[in-house]
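If you want my numbering, it's the 1-based position in the sequence shown plus 64.
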Amino acid sequence: MKTWSGAALLVLLSAFAVMPARADRLVVSVSQPQVRITSSFTGAELVVFGVAEARNGDDGAIDVVVTVRGPGESFTTWRKSRVLGLWVNSDSRTFVEAPAFLAVLSSRPTTQIASPETLRVEQIGLNYNILVQRVGPDFADVVPSDPFRTAFLRIQTAQGVYREDPQGVAFLAPRVFRAEVGIPGTAPLGRYTVAVKVFQNGAVSATELSSFDVNKTGFEQKIAEFSQRDGWLYGLAVALGSLVVGFVGNLLFRRD
Numbered sequence: 065m066k067t068w069s070g071a072a073l074l075v076l077l078s079a080f081a082v083m084p085a086r087a088d089r090l091v092v093s094v095s096q097p098q099v100r101i102t103s104s105f106t107g108a109e110l111v112v113f114g115v116a117e118a119r120n121g122d123d124g125a126i127d128v129v130v131t132v133r134g135p136g137e138s139f140t141t142w143r144k145s146r147v148l149g150l151w152v153n154s155d156s157r158t159f160v161e162a163p164a165f166l167a168v169l170s171s172r173p174t175t176q177i178a179s180p181e182t183l184r185v186e187q188i189g190l191n192y193n194i195l196v197q198r199v200g201p202d203f204a205d206v207v208p209s210d211p212f213r214t215a216f217l218r219i220q221t222a223q224g225v226y227r228e229d230p231q232g233v234a235f236l237a238p239r240v241f242r243a244e245v246g247i248p249g250t251a252p253l254g255r256y257t258v259a260v261k262v263f264q265n266g267a268v269s270a271t272e273l274s275s276f277d278v279n280k281t282g283f284e285q286k287i288a289e290f291s292q293r294d295g296w297l298y299g300l301a302v303a304l305g306s307l308v309v310g311f312v313g314n315l316l317f318r319r320d
């Protein structure tokens with residue numbers, strides 16, 4: 065791992081050195097382009113490396129924010145109310161195409177990096193990422209204090225698929241940084257985007273995008289492909305398998 069990290073940094077620095085001169089420069093590399101999920105998968109650690117130079121060759125301090133977003137999915141958040149002494153679901157909001165995974169890693173707290181307006185425009189931080197809700201016939205984002213939005217963020221954070229780390233980006237040199245992205249064992253499948261933004265004096269000075277994929281492999285992948293290709297046959301096989309397991313269990317544990 066240490067050998068690979070050193071080689072990655074060397075490649076980044078070499079690429080950075082031969083880039084044509086321009087105002088803002090940023091080179092980013094992800095340690096692996098693909099995360100393969102097997103039956104024993106419990107999580108993975110990816111490393112994002114980067115080399116940055118602020119505008120006009122200014123050697124002033126910079127900040128870096130790395131945002132990793134998973135594939136978009138729809139989620140429904142419910143609100144419970146007390147009816148006749150019982151707590152029941154009384155209202156709901158659906159979040160449309162919200163990231164199934166969202167990690168925000170920064171060199172310091174994002175509120176110290178830029179103004180709330182800039183954070184909102186750049187979608188930096190959990191509170192400033194756009195999460196579109198379906199409210200009746202309309203679709204819109206809402207204020208951060210909205211109870212459904214707050215509940216959604218709390219649930220996703222508790223499940224480990226949303227996180228924000230104000231110390232997640234470490235500088236190896238004044239213009240060289242790294243960030244570790246933890247992919248949980250429950251990570252959804254699909255393409256993940258990596259957005260790296262460099263800030264100087266509260267404004268974005270450079271942006272770079274990258275990506276990686278989370279896929280199943282081996283027997284799990286074959287089962288997933290089979291279920292998608294022949295859904296009715298897969299359902300029949302599952303039903304027959306359940307009957308066989310129930311029959312065998314009855315034989316083993318029945319009492320004479």
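Ideal Cβ positions, reconstructed from N, Cα and C, are used throughout, including at glycine.
This structure is a prediction, so every number in the text was calculated from the model and none was measured.
Apart from the five residues just before and just after residue i, which ones in its own chain have a Cβ nearer than 6 angstroms to its Cβ?
| i | result |
| --- | --- |
| A85 | For A85, the predicted structure reports a pLDDT of 37, less than 50, and the residue's modelled location is therefore unreliable. A value from the coordinates is still provided. Cβ within range, chain order: n/a, list empty. |
| A222 | none |
| P201 | none |
| A108 | V99, I247 |
| G305 | none |
| T106 | G249 |
| G114 | V92, F241, V260 |
| F235 | F241 |
| V207 | none |
Looking at the structure shown, is residue i part of a helix, part of a strand, or coil, going by DSSP?
| i | result |
| --- | --- |
| S306 | helix |
| A125 | coil |
| L300 | helix |
| S95 | coil |
| L341 | The shown model of the chain, from 65 to 320, leaves out residue 341, and the question about it has no answer. |
| R86 | Below a pLDDT of 50, predicted positions are generally treated as unreliable, and R86, at 39, falls in that range; no measurement from the model is reported. |
| P230 | coil |
| L148 | coil |
| R100 | strand |
| F105 | coil |
| N279 | strand |
| L253 | coil |
| G136 | strand |
| R248 | First, the residue type needs correcting, since residue 248 is Pro and not Arg in the sequence shown. In this structure, P248 counts as strand in the three-state DSSP scheme. |
| R242 | strand |
| G114 | strand |
| L77 | Note on L77: pLDDT 45, under 50, position unreliable in the model; the coordinate value appears next. L77: helix per DSSP, three-state reduction. |
Relative to the alpha-carbon of residue i, which residue among the options has its alpha-carbon at the smallest distance?
| i | options | result |
| --- | --- | --- |
| V112 | I126, L90, R100 | L90 |
| G224 | P201, F212, D210, P248 | P248 |
| S171 | A237, G232, A301, E109 | G232 |
| E244 | R198, A204, D127, L169 | L169 |
| Q220 | F235, S209, A251, G114 | A251 |
| G136 | T214, L166, S274, R227 | L166 |
| R239 | G124, F276, G107, R184 | G124 |
| V128 | A303, A204, A267, E109 | A267 |
| V94 | L273, Q187, E228 | L273 |
| I262 | L307, I177, A204 | Reading off the sequence, residue 262 comes out as Val, not Ile. Nearest of L307, I177, A204 to V262, Cα basis: I177. |
| F241 | E186, L195, I126 | I126 |
| Q187 | V130, S275, Q96, S306 | V130 |
| S275 | R255, Q264, N265 | R255 |
| T257 | T271, N265, A237 | T271 |
Skipping 5 residues on each side, what residues in its chain have a beta carbon closer than 8 angstroms to that of residue i?
| i | result |
| --- | --- |
| N279 | Q98, V99, R100, I101, L253, Q285 |
| T140 | S156, R157, T158, F159 |
| P173 | P230 |
| F203 | V160, V196, Q197 |
| N265 | G124 |
Would you check whether the ligand SAH has a heavy atom nearer than 8 angstroms to the C-beta of residue i?
| i | result |
| --- | --- |
| A267 | This structure does not include the ligand SAH; it has no bound ligands of any sort. |
Between residue i and residue j, which are expected to be in contact by the criterion C-beta below 8 angstroms, what is the C-beta distance as a whole number of angstroms?
| i | j | result |
| --- | --- | --- |
| E161 | S138 | 7 angstroms |
| R198 | P163 | That belief does not hold up - the Cβ atoms of R198 and P163 are roughly 16 angstroms apart, past 8 angstroms. |
| R146 | F212 | Actually they do not touch by this definition, with Cβ atoms about 18 angstroms apart. |
| I194 | D205 | 5 angstroms |
What does a CB cutoff of less than 7 angstroms around residue i pick up in its chain, not counting 5 residues either side in sequence?
| i | result |
| --- | --- |
| Y226 | L166, L190, L217, Q220 |
| E117 | R89, R239 |
| Y192 | L183, R184 |
| Q96 | L110, F276 |
| L297 | none |
Chain B beta carbons: is any one of them nearer than 9 angstroms to that of residue i?
| i | result |
| --- | --- |
| V111 | Looking for chain B here will not work: only one protein chain is present. |
*Unbroken beta strand (DSSP E) runs of length 3 or more, entirely within the stretch 157-224: which are they?*
Segments of the beta strand (DSSP E) lying fully in the stretch 157-224: 166-170, 197-199, 202-204.
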